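Undergrad: A single structure is presented below for examination.
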Amino acid sequence: MTSDGHDWHQMAASARMLFFADFPLPTQLRTLVHLLRTNEMDGKLFSLLVCLALLTGCIPAQPYDKEFEAQFEESDTNLGDLFASGYFPKEYGDPIVDYCGSTFGPRELIGEVEEEWFPRQLMAGREPSLYLLSQQEPGPEFVLRFSYIPSFSPSIFVRIYADDGGYVLVAKKLSGVGGYEPGTIASSKKIRLPPDEVAELERLLATGALFEEQQESCELGFVGSDWLFEQVDASGYKLVKRWSPSSGAGYELGQHLLRLSGYR
6 MTSDGHDWHQ MAASARMLFF ADFPLPTQLR TLVHLLRTNE MDGKLFSLLV CLALLTGCIP
66 AQPYDKEFEA QFEESDTNLG DLFASGYFPK EYGDPIVDYC GSTFGPRELI GEVEEEWFPR
126 QLMAGREPSL YLLSQQEPGP EFVLRFSYIP SFSPSIFVRI YADDGGYVLV AKKLSGVGGY
186 EPGTIASSKK IRLPPDEVAE LERLLATGAL FEEQQESCEL GFVGSDWLFE QVDASGYKLV
246 KRWSPSSGAG YELGQHLLRL SGYR
């Protein structure tokens, strides 16, 4: 017991219960404020719980990124005038020979509908344009983003980037529906990947050869999910797009990243 009668173990348990739950940050804070206002928690305990949550890394990542702010809110350039609001290279809107195989003929990597649809989802998640980041000097050492955009469920974004000799994962889940209104950020988190997860990620990227894998079909459907994989490294920007995969390098990597995010 503390000098003012509070049990430190009970305080820590309360903090973990509130902040490790997968609730949006506003919900967590509203819960604390409610307890404070109903006299179930005094001011000192309120401050302590917030500090404990911060120290243990329980509060989710902020729903914005400095790269997104720099690109879309602080830049003098009107990115709305660029192809796909600057999220993808302009040439991705041109037919690509054999992208879908000989059966389908040349198709655009980013079609007319996707040119508006994908950026709308990404901007709702306040996700930066990896393509624009790849054009900077110096560019990022390594960034990988998986965008899971289902027809009737919230979109999920999982971004991994190199940082200080390791890798950091940022995951966000929206409140809307991937095929319609994206909503806003419902939950987000930021974690440093442990060595074993880094090794597994590198294994999947190396053995799967996702960015060299030929797409077998460009068939789409009304119900399913778009899987977008973007990567930036020393060789530049790359994009691979899949529709509701059930096998292959994209499926294996996507499932792994969703598991790491904790949202699936």
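For any residue, its number in my numbering is found by taking its place in the sequence shown, counting from 1, and adding 5. We put the CB at the ideal spot given by N, CA and C, even for glycine. In this text, all values refer to a predicted model and were calculated from it rather than measured experimentally.
Please report the distance separating the alpha-carbon of Gly170 from that of Phe227.
TA: Mapped onto the sequence shown, residue 170 falls at position 165. Mapped onto the sequence shown, residue 227 falls at position 222. Going from the Cα of Gly170 to the Cα of Phe227 covers about 42 Å.
Undergrad: List the whole-angstrom C-beta distance separating Ala129 from Pro187, where the pair is believed to meet the contact cut-off of C-beta under 8 Å.
TA: Residue mapping note: residue 129 aligns to position 124 of the sequence shown, counting from 1. Residue mapping note: residue 187 aligns to position 182 of the sequence shown, counting from 1. Right, the Cβ-Cβ distance comes to about 4 Å (below 8 Å), so this counts as a contact.
Undergrad: Work out the CA separation of Val148 and His261 for me, nearest whole Å.
TA: Working through the sequence shown from its first residue, we reach residue 261 at position 256. Working through the sequence shown from its first residue, we reach residue 148 at position 143. Rounded to the nearest angstrom, the two C-alpha atoms are 16 Å apart.
Undergrad: Should Asp231 be labelled buried (16 or more other beta-carbon atoms within 10 Å of its own) or exposed?
TA: Translated into the one-based positions of the sequence shown, residue 231 becomes position 226. The residue is buried, with at least 16 neighbouring Cβ atoms inside 10 Å.
Undergrad: For Leu244, which residues from the same chain have a beta carbon less than 6 Å from its beta carbon, with the 5 sequence-adjacent residues on both sides left out?
TA: Within the sequence shown, the letter at position 239 stands for residue 244. Hits under 6 Å: Glu235.
Undergrad: Decide if Glu119 is buried, meaning its Cβ has at least 16 other Cβ atoms within 10 Å, or exposed.
TA: Working through the sequence shown from its first residue, we reach residue 119 at position 114. Per the 10 Å Cβ criterion, buried.
Undergrad: Measure from the alpha carbon of Ile154 to the alpha carbon of each residue in Gly144, Ala239, Ser252, Lys246, then state which is nearest.
TA: Position 149 of the sequence shown, counting from 1, holds the residue named residue 154. Comparing Cα positions, the closest option is Lys246.
Undergrad: Could you check if Asp27 is buried or exposed, using at least 16 other CB atoms within 10 Å of its CB as the buried criterion?
TA: As a first step, residue 27 must be located in the sequence shown, where it is residue number 22. Here the model assigns Asp27 a pLDDT of 43, short of 50, so the residue's position is not dependable, and the following value carries that caveat. Result: exposed.
Undergrad: Could you check whether Leu210 and Ile165 sit closer than 8 Å to each other, using their CB atoms as the reference points?
TA: Your numbering for residue 165 matches position 160 in the sequence shown. Your numbering for residue 210 matches position 205 in the sequence shown. Going by C-beta atoms, Ile165 is not nearer than 8 Å to Leu210.
Undergrad: Taking only three categories from DSSP, how would you classify Ser80?
TA: Taking the sequence shown and counting its residues from 1, the one referred to as residue 80 is at position 75. Residue state, collapsed to three classes: coil.
Undergrad: What's the gap between the Cα of Glu5 and the Cα of Glu72?
TA: Absent from the model: residue 5. The displayed extent of the chain is 6 to 269, so no value can be given.
Undergrad: Measuring alpha carbon to alpha carbon, tell me which of Ser90, Lys195, Ala239 ends up nearest Phe1.
TA: Look at the range of the chain in this structure, 6 to 269, and you will see that residue 1 is not part of it.
Undergrad: Find out if the Cβ-Cβ distance for the pair Phe123, Tyr172 is shorter than 8 Å.
TA: In the sequence shown, the residue the question calls residue 123 occupies position 118. In the sequence shown, the residue the question calls residue 172 occupies position 167. Not in contact: Phe123 and Tyr172 (Cβ atoms no closer than 8 Å).
Undergrad: Checking 8 Å against the spacing of the C-beta atoms, do Ile101 and Leu87 come in under that value?
TA: The residue you call residue 101 lines up with position 96 of the sequence shown. The residue you call residue 87 lines up with position 82 of the sequence shown. No, the pair does not count as a contact, with Cβ atoms beyond the cut-off.
Undergrad: Grab me the residues of Ser180's own chain with a C-beta within less than 7 Å of its C-beta, minus the 5 sequence neighbours each way, in chain order.
TA: By one-based count along the sequence shown, residue 180 stands at place 175. The residues are Pro159, Gly188, Thr189, Ala191.
Undergrad: Assuming Glu202 and Leu138 form a contact by the criterion Cβ under 8 Å, report the distance between their Cβ atoms to the nearest whole angstrom.
TA: Taking the sequence shown and counting its residues from 1, one reaches residue 202 at position 197. Taking the sequence shown and counting its residues from 1, one reaches residue 138 at position 133. Rounded, the Cβ-Cβ distance is 23 Å, inconsistent with contact.
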